[in-house]
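Q:
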Amino acid sequence: MKEIRVGIIGGGMISHRHMVVYEEIRKHAAEFGFTAKVVAMAEIDEAKRKAWGEKYGFEDKDLYADFREMLKRDDLDTIDVCVHNNLHASVSIAAMKAGYDVYCEKPEASTYADAKMMIDCAKKLGRKYHVQISSLMNNQTRMARKMIADGELGHLYYSNLTMVSRRRRPGYDLPMFTTDFYTKEVAGHGPLIDLGVYLISQLLFVMGMPKLKSVSGFATTGLEIDPALVSDPKGFGVEDLGCALAKFEDGLSLQILGTSAANIDDHMKTYILGSKGGLEIKQADTTGGPFAASLLGGAAALAMGDPSLTFYGDLGAKKNITADLDCWEQGKIDVIKNPKLALYDDNQVMWLAYKLGILDDTTRYNTPEIAMNMLKVTDGLFLSSQLGREVTAEEIEAMSKSMAITEQETPFGTIHYDLSF
Ligand SMILES: NC(=O)c1ccc[n+]([C@@H]2O[C@H](COP(=O)([O-])OP(=O)(O)OC[C@H]3O[C@@H](n4cnc5c(N)ncnc54)[C@H](O)[C@@H]3O)[C@@H](O)[C@H]2O)c1
Numbered sequence: 002m003k004e005i006r007v008g009i010i011g012g013g014m015i016s017h018r019h020m021v022v023y024e025e026i027r028k029h030a031a032e033f034g035f036t037a038k039v040v041a042m043a044e045i046d047e048a049k050r051k052a053w054g055e056k057y058g059f060e061d062k063d064l065y066a067d068f069r070e071m072l073k074r075d076d077l078d079t080i081d082v083c084v085h086n087n088l089h090a091s092v093s094i095a096a097m098k099a100g101y102d103v104y105c106e107k108p109e110a111s112t113y114a115d116a117k118m119m120i121d122c123a124k125k126l127g128r129k130y131h132v133q134i135s136s137l138m139n140n141q142t143r144m145a146r147k148m149i150a151d152g153e154l155g156h157l158y159y160s161n162l163t164m165v166s167r168r169r170r171p172g173y174d175l176p177m178f179t180t181d182f183y184t185k186e187v188a189g190h191g192p193l194i195d196l197g198v199y200l201i202s203q204l205l206f207v208m209g210m211p212k213l214k215s216v217s218g219f220a221t222t223g224l225e226i227d228p229a230l231v232s233d234p235k236g237f238g239v240e241d242l243g244c245a246l247a248k249f250e251d252g253l254s255l256q257i258l259g260t261s262a263a264n265i266d267d268h269m270k271t272y273i274l275g276s277k278g279g280l281e282i283k284q285a286d287t288t289g290g291p292f293a294a295s296l297l298g299g300a301a302a303l304a305m306g307d308p309s310l311t312f313y314g315d316l317g318a319k320k321n322i323t324a325d326l327d328c329w330e331q332g333k334i335d336v337i338k339n340p341k342l343a344l345y346d347d348n349q350v351m352w353l354a355y356k357l358g359i360l361d362d363t364t365r366y367n368t369p370e371i372a373m374n375m376l377k378v379t380d381g382l383f384l385s386s387q388l389g390r391e392v393t394a395e396e397i398e399a400m401s402k403s404m405a406i407t408e409q410e411t412p413f414g415t416i417h418y419d420l421s422f
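This note's numbering numbers the first residue of the sequence shown as 2 and each following residue consecutively.
Next up, the structure:
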């Protein structure tokens with residue numbers, strides 16, 4: 002049985018979800034033919050590090066304050082990056098430069114420039130690199146992608162993502178989350194990249210990764226901020242609303258509205274319109290997938306709902322029908338018939354299979370590229386909002402700026418991140 006030895010960087014909330022998933026992978030090792038074991042963890046915060054070590058039964062020698070010390074070990078196969086957004090590029094590049102293949106949490110980065118830097122680094126140094134996008138890892142995405150590739154929707158001309166939350170600012174309305182979610186310096190941006198990474202990435206992926214031409218967008222922090230709820234001295238710095246019209250080659254458009262807070266009811270809708278059919282994507286998974294569900298005693302599974310699709314349009318002789326497609330149950334049957342599909346049902350499983358060469362660059366989902374293209378859209382939204390005009394894809398590529406952290410104050414001194422490679 003092949004076992005991948007993992008070192009985690011960042012022992013916060015998401016690291017626990019990764020631990021649950023690694024545990025599930027161990028339980029299913031015989032099916033996959035491989036497993037993974039987390040053998041070391043780095044966390045700058047002493048109290049968190051100790052609590053993490055106690056929870057998972059780690060000896061002190063395997064717990065690090067400074068991740069750079071952990072990277073010097075000779076018994077790790079890969080690094081799993083669980084720090085916050087604007088540290089993703091900083092830490093991932095450091096790990097790649099130390100010789101490691103890297104699995105990184107979402108969003109890949111806050112900007113297109115940083116995502117491109119991470120991809121370029123992996124390519125130049127010959128590292129394998131993968132990003133968490135759980136919305137892609139299930140039969141909802143497989144079915145939608147296949148229907149579109151098979152031409153069942155005809156020519157695609159419009160897509161829409163509306164994700165409106167009335168009060169959902171992590172670290173502010175939702176105090177169980179870290180305040181890093183709302184500080185500009187660390188998070189970079191708000192709901193468009195936090196949740197948008199799942200939903201925009203999924204839309205682009207199922208639509209065959211259309212080539213972006215231009216974006217017209219608007220972003221703002223519209224709601225009053227109550228200083229009594231802002232515990233972080235860096236302040237509340239991310240937008241709570243972003244909207245955009247993105248245009249792609251071949252006459253395809255994407256309209257987006259995303260909020261983390263707004264004075265209107267929660268509402269959510271994602272759909273794609275084609276000349277023969279329309280497809281609504283319901284309950285896309287933004288929770289980490291079924292392997293992560295045991296973390297919250299089933300609550301994550303409940304939150305995940307049942308990712309499904311509804312088709313509207315013509316199916317052969319049947320005109321203008323509505324058909325609900327049961328992706329979930331059908332997905333289980335598909336995996337029984339073709340066990341290799343199980344490699345496409347979980348982020349970490351896909352990463353390990355890619356790392357081991359069971360999947361390669363032609364067969365895995367290229368999550369770093371998908372996320373980078375998603376960030377081109379959101380960078381376009383923010384750039385257009387700043388400039389007050391539509392921006393072209395070429396302008397976005399040229400004007401996107403890095404937000405990666407290059408100096409970080411820690412309890413043991415300043416970490417300087419050298420982003421050159
Ligand atoms: N919390 C969630 O439900 C959730 C869900 C999906 C994705 N994510 C993503 O996971 C990432 C982390 O989010 P989180 O909620 O776990 O945040 P968190 O603050 O709980 O965890 C991040 C941890 O990284 C540590 N850290 C910072 N710099 C470090 C360094 N140089 N070396 C080692 N440790 C360092 C922090 O002290 C902190 O404990 C974010 O990018 C977020 O978007 C979070």
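Heads up, the beta-carbon is just placed ideally off N, CA and C, and yes, glycines get one too.
For Arg128, I'd like the list of residues in its chain whose CB is within less than 6 Å of its CB, leaving aside the five on either flank, ordered along the chain.
A: Here the question's residue 128 lines up with position 127 in the sequence shown. Within the same chain, Arg128 has close Cβ partners Met97, Asp102.
Q: For Val82 versus Tyr104, is the C-beta distance shorter than 8 Å?
A: Position 81 of the sequence shown, counted from the start, is the residue given in the question as residue 82. Position 103 of the sequence shown, counted from the start, is the residue given in the question as residue 104. Yes; because the gap between Cβ atoms is below 8 Å, this pair is in contact.
Q: Work out the CA separation of Asp174 and Arg167 for me, nearest whole Å.
A: Start at 1 with the first residue of the sequence shown, and residue 167 comes out as number 166. Start at 1 with the first residue of the sequence shown, and residue 174 comes out as number 173. So the alpha carbons of these two residues sit roughly 10 Å apart.
Q: How about Ala372 and Pro108: are their beta carbons less than 8 Å apart?
A: Within the sequence shown, residue 372 is the residue found at index 371, counting from 1. Within the sequence shown, residue 108 is the residue found at index 107, counting from 1. Yes, Cβ-Cβ distance for Ala372 and Pro108 is below 8 Å.
Q: Taking all protein chains shown into account, decide if Ile337 is buried (16 or more other Cβ within 10 angstroms of its Cβ) or exposed.
A: The residue labelled residue 337 in the question sits at position 336 within the sequence shown. Under this definition Ile337 is an exposed residue.
Q: Determine the contact status of Glu153 and Gly252, defining contact as a CB-CB distance below 8 Å.
A: Within the sequence shown, numbered from 1, the residue matching residue 153 stands at position 152. Within the sequence shown, numbered from 1, the residue matching residue 252 stands at position 251. Contact: no.
Q: Taking only the alpha-carbon atoms, compute the straight-line gap between Ile120 and Gly100 and give it to the nearest angstrom.
A: In the sequence shown, residue 120 corresponds to position 119, counting from 1. In the sequence shown, residue 100 corresponds to position 99, counting from 1. If you take the alpha carbons of Ile120 and Gly100, they lie about 15 Å apart.
Q: If we call anything under 8 Å between Cβ atoms a contact, is Lys283 one with Ser309?
A: Residue mapping note: residue 283 aligns to position 282 of the sequence shown, counting from 1. Residue mapping note: residue 309 aligns to position 308 of the sequence shown, counting from 1. In this structure, Ser309 lies closer than 8 Å to Lys283 by Cβ.
Q: Grouping DSSP H, G and I as helix and E and B as strand, with all else coil, what is Phe68?
A: To locate residue 68, count along the sequence shown from 1; it is residue 67. Helix, per DSSP.
Q: So is the beta-carbon of Val207 under 7 Å away from any non-hydrogen atom of ligand 1?
A: For the purposes of this step, residue 207 is taken as the residue at position 206 of the sequence shown. False, no ligand heavy atom lies under 7 Å from that Cβ.
Q: State the start and end residues of the unbroken alpha helix (DSSP H) segment that holds Cys122.
A: Taking the first residue of the sequence shown as 1, we reach residue 122 at position 121. Looking at the DSSP string, the run of the alpha helix (DSSP H) that includes Cys122 is 113-126.
Q: Counting only runs that start and end within the segment 375-405, where is the alpha helix (DSSP H) found for 4 or more residues in a row?
A: Entirely contained in the segment 375-405, the alpha helix (DSSP H) runs reaching 4 residues are, in chain order, 394-400.
Q: Give the straight-line distance between the Cα atoms of Leu360 and Asp233, rounded to the nearest whole angstrom.
A: Stepping through the sequence shown from its first residue, residue 360 is reached at position 359. Stepping through the sequence shown from its first residue, residue 233 is reached at position 232. Approximately 42 Å between the Cα atoms of the pair.
Q: For Asp325, which residues does DSSP report across the bridge?
A: Along the sequence shown, one-based indexing puts residue 325 at 324. Asp325 pairs with Thr311.
Q: Figure out for me which residue from Ile397, Val216, Phe206, Phe292 has the closest Cα to the Cα of Asn367.
A: Within the sequence shown, numbered from 1, the residue matching residue 367 stands at position 366. Ranking Ile397, Val216, Phe206, Phe292 by Cα distance to Asn367 puts Phe206 first.
Q: From the DSSP output, which residues share a beta bridge with Leu280?
A: Residue mapping note: residue 280 aligns to position 279 of the sequence shown, counting from 1. Beta-bridge pairing links Leu280 to Ile273, Phe312.
Q: With DSSP as the reference, identify every bridge partner of Glu4, one or two as the case may be.
A: For the purposes of this step, residue 4 is identified with residue 3 of the sequence shown, where counting begins at 1. Thr36, per the DSSP bridge assignment.
Q: Can the beta-carbon of Val216 be found closer than 8 Å to that of Glu391?
A: Numbered from 1 along the sequence shown, position 215 holds the residue referred to as residue 216. Numbered from 1 along the sequence shown, position 390 holds the residue referred to as residue 391. In this structure, Glu391 lies closer than 8 Å to Val216 by Cβ.
Q: Does the Cβ-Cβ distance between Leu242 and Ile5 come in under 8 Å?
A: As a working mapping, residue 242 is identified with position 241 in the sequence shown. As a working mapping, residue 5 is identified with position 4 in the sequence shown. It is not a contact, given that the beta carbons lie outside the stated cut-off.
Q: Have a look at Pro428 and Met208 and give me their C-alpha separation to the nearest angstrom.
A: Given that the chain is displayed from residue 2 to residue 422, the structure contains no residue 428 and the question cannot be resolved.
Q: Evaluate Gly34 with the Cβ neighbour count: other Cβ atoms within 10 Å of its Cβ, from every protein chain shown; 16 or more gives buried, anything less gives exposed.
A: Here residue 34 refers to the residue found at position 33 when the sequence shown is read from its first residue. Exposed, because fewer than 16 other Cβ atoms sit within 10 Å of the Cβ of Gly34.
Q: With 16 other CB atoms within 10 Å as the buried threshold, where does His85 fall?
A: Your numbering for residue 85 matches position 84 in the sequence shown. It counts as buried.
Q: Can you check which of these residues, Glu24, Leu280, His29, is closest to His156 by C-alpha distance?
A: Position 155 of the sequence shown, counted from the first residue, corresponds to residue 156. Checked all of Glu24, Leu280, His29; the closest Cα to His156 is Leu280.
Q: Determine the direct distance from the alpha carbon of Ala30 to that of Thr36, and round the result to whole angstroms.
A: For the purposes of this step, residue 36 is taken as the residue at position 35 of the sequence shown. For the purposes of this step, residue 30 is taken as the residue at position 29 of the sequence shown. Going from the Cα of Thr36 to the Cα of Ala30 covers about 5 Å.
Q: Are Ile257 and Cys244 closer than 8 Å when you measure CB to CB?
A: Numbered from 1 along the sequence shown, position 256 holds the residue referred to as residue 257. Numbered from 1 along the sequence shown, position 243 holds the residue referred to as residue 244. A contact, by the Cβ cut-off of 8 Å.
Q: Go to Gln256, then tell me how far its alpha helix (DSSP H) extends in each direction, as first and last residue.
A: On the sequence shown, residue 256 is found 255 positions in, with the first residue counted as 1. It is not in any alpha helix (DSSP H) - Gln256 instead sits in the beta strand (DSSP E) that spans 253-260.
Q: Can you tell me the Cα-Cα spacing of Val40 and Gln387, whole angstroms?
A: Position 39 of the sequence shown, counted from the first residue, corresponds to residue 40. Position 386 of the sequence shown, counted from the first residue, corresponds to residue 387. Each residue's Cα considered, the two are about 45 Å apart.
Q: Please give the ranges of any beta strand (DSSP E) in the segment 193-233, keeping only runs that are unbroken, at least 3 residues long and fully inside the region.
A: Whole beta strand (DSSP E) segments, 3+ residues: 213-221.
Q: State the Cα-Cα distance for the pair Pro211 and Tyr158, rounded to the nearest angstrom.
A: Locating residue 211 in the sequence shown gives position 210, counting from the first residue. Locating residue 158 in the sequence shown gives position 157, counting from the first residue. So the alpha carbons of these two residues sit roughly 11 Å apart.
Q: Let's test the definition: count the other Cβ atoms within 10 Å of the Cβ of Phe413 and tell me whether it reaches 16, buried, or not, exposed.
A: By one-based count along the sequence shown, residue 413 stands at place 412. Phe413 is exposed by the Cβ-count criterion.
Q: What span of residues does the alpha helix (DSSP H) with Met14 cover, start to end?
A: For this step, residue 14 is matched to residue 13 along the sequence shown. Unbroken alpha helix (DSSP H) run through Met14: 14-28.
Q: Is it right to say Arg27 is buried, meaning 16 or more other beta carbons lie within 10 angstroms of its own, or is it exposed?
A: Residue numbering aside, residue 27 sits at position 26 when the sequence shown is read from its first letter. By the 10 Å Cβ count, Arg27 comes out exposed.
Q: On the DSSP bridge list, what partners appear for Asn161?
A: The residue labelled residue 161 in the question sits at position 160 within the sequence shown. Gln256, Tyr272, per the DSSP bridge assignment.
Q: Using DSSP with H/G/I as helix, E/B as strand and the rest coil, what is Gly191?
A: Here the question's residue 191 lines up with position 190 in the sequence shown. The answer is coil: DSSP assigns Gly191 none of H, G, I, E or B.
Q: Check each candidate in Ala66, Arg143, Ala52, Gly189 and name the one with the smallest Cα separation from Asp346.
A: Translated into positions along the sequence shown, residue 346 becomes position 345. Residue Arg143 is the option with its Cα nearest to Asp346.
Q: Under the three-state reduction of DSSP, which class applies to Met177: helix, strand or coil?
A: Taking the first residue of the sequence shown as 1, we reach residue 177 at position 176. Here Met177 sits in coil by DSSP.
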